[in-house]
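To start, the structure under review is shown below, and the notes come after it.
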């Protein structure tokens, strides 16, 4: 039988789940009604709402009270505390969806032990879904174990690709063409953390984003590892300090997808 998880890490995961639950309820209470976006543009299609700041501040304060020795990094506030264990939050991932009153967005909180992602919570309250993972002890959706998809035929696969204004249009279109050449229709749902969680749960067979940040993926990386997905070396390729490319896929589709879009898995 596997050894029991570190009590300190297991306790942190349970505390994070409770804090993120409360933060997600706050976000739901502030969610705009359906319609035109309520917020401001940071850059092309990159929205910022009042909720982003409120949720990040809420989580930062709660985690500091619970674990004052831990570091903290947020999408909006950057690194506000340092520590060997560091919390990384995206207060609202999928803000463009959130600002329109849509349901595909989440609160994402990951835990790093140095440069290694060890635990994560992704709460999508409008969908009624909570993902949790602790390295070495499984990945879960609403408390039930999840695994990457068993699909082997690329023509039967479902692949999503995220969009960023930081990516030149020819690069983006080249990757989209490569996905279609595999025989599948590329999708884009506007929420990287949930797309990666979908790979972990088997709802997607692969996800690609050319430029994505640590706060978008910190909680998802333990999920993917525990669910048996394959992931490109995002952290080693610059993801710890800036935007970098990520490819995540089920282990059967991964090699063909990586070759098609020229994103190595090693």
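Residue numbers (our numbering): 55 to 320.
For each residue, glycine too, the CB sits at the ideal point set by N, CA and C.
Whole-angstrom distance between residue 206 and residue 245, CA atom to CA atom: Roughly 25 Å between the two C-alpha positions.
Are the Cβ atoms of residue 319 and residue 271 separated by less than 7 Å? Against a cut-off of 7 Å, the Cβ pair of residue 271 and residue 319 comes out as no contact.
On the three-pair Cβ rule with 8 Å, is the segment 254 to 269 touching the segment 288 to 298? Result yes; three or more Cβ-Cβ pairs closer than 8 Å.
Looking at the structure shown, is residue 288 part of a helix, part of a strand, or coil, going by DSSP? Secondary structure at residue 288: coil, using DSSP grouped into helix, strand and coil.
Which same chain residues, not among the five before or five after residue 181, have their C-beta less than 6 Å away from its C-beta? Result list for residue 181: 157, in chain order.
What number of angstroms, rounded off, separates the C-alpha of residue 187 from the C-alpha of residue 124? Taking the straight line joining both Cα atoms gives about 19 Å.
DSSP three-state label for residue 175, please. DSSP, read as helix, strand or coil, puts residue 175 in strand.
Beta-carbon spacing of residue 145, residue 78 below 7 Å: Not closer than 7 Å, so no.
Quick check: residue 260 and residue 311, are their CB atoms within less than 7 Å of each other? In contact: residue 260 and residue 311 (Cβ atoms closer than 7 Å).
Beta-carbon within less than 6 Å of residue 64's beta-carbon, same chain only, minus the 5 sequence neighbours each way: which residues are those? Once the five neighbours on either side are set aside, residue 64 has no close Cβ partner at all.
Is the CB-CB distance between residue 155 and residue 86 below 7 Å? Going by C-beta atoms, residue 155 is nearer than 7 Å to residue 86.
Cα separation between residue 173 and residue 274? Straight through space, the alpha carbons of residue 274 and residue 173 are spaced by roughly 9 Å.
So for residue 207, helix, strand or coil by DSSP? Looking at residue 207 - three-state DSSP - the assignment turns out to be coil, as it is neither helix nor strand.
Taking only three categories from DSSP, how would you classify residue 313? In the structure shown, residue 313 adopts helical secondary structure according to DSSP, grouped into three states.
Determine the DSSP secondary structure at residue 217, reduced to helix, strand or coil. Note: residue 217 maps to coil in three-state DSSP.
To which residues does DSSP link residue 186 through a beta bridge? Paired residue(s): 175, 194.
For a test of the three-state rule: what should DSSP assign to residue 269, helix, strand or coil? Of the three classes helix, strand and coil, the one that applies to residue 269 here is helix, per DSSP.
Residue burial classification, residue 127 (beta-carbon count within 10 angstroms, cutoff 16): Residue environment analysis places residue 127 among the buried positions, since at least 16 neighbouring C-beta atoms fall within 10 angstroms of its C-beta.
Backbone CA spacing between residue 163 and residue 231 [nearest angstrom]: The straight-line gap from Cα to Cα measures roughly 33 Å.
Does the beta-carbon distance from residue 211 to residue 300 come in below 7 Å? Not in contact: residue 211 and residue 300 (Cβ atoms no closer than 7 Å).
On the DSSP bridge assignment, give the partners of residue 114 in chain order. Under DSSP, residue 114 shares a beta bridge with no residue.
One question on the structure: do residue 161 and residue 74 come within less than 7 Å of each other, judged by their Cβ atoms? Yes, the pair counts as a contact, with Cβ atoms nearer than the cut-off.
Alpha-carbon to alpha-carbon, residue 80 and residue 153: Residue 153 and residue 80 have their alpha carbons spaced roughly 15 Å apart.
Per DSSP, cross-strand counterpart(s) of residue 260: In DSSP, residue 260 forms a bridge with 213, 303.
Rounded to whole angstroms, what is the Cα-Cα separation between residue 234 and residue 240? Distance between the alpha carbons of residue 234 and residue 240 is about 7 Å.
Quick check: what's the CA-CA separation for residue 316 versus residue 249? Approximately 20 Å, taken between the alpha carbons.
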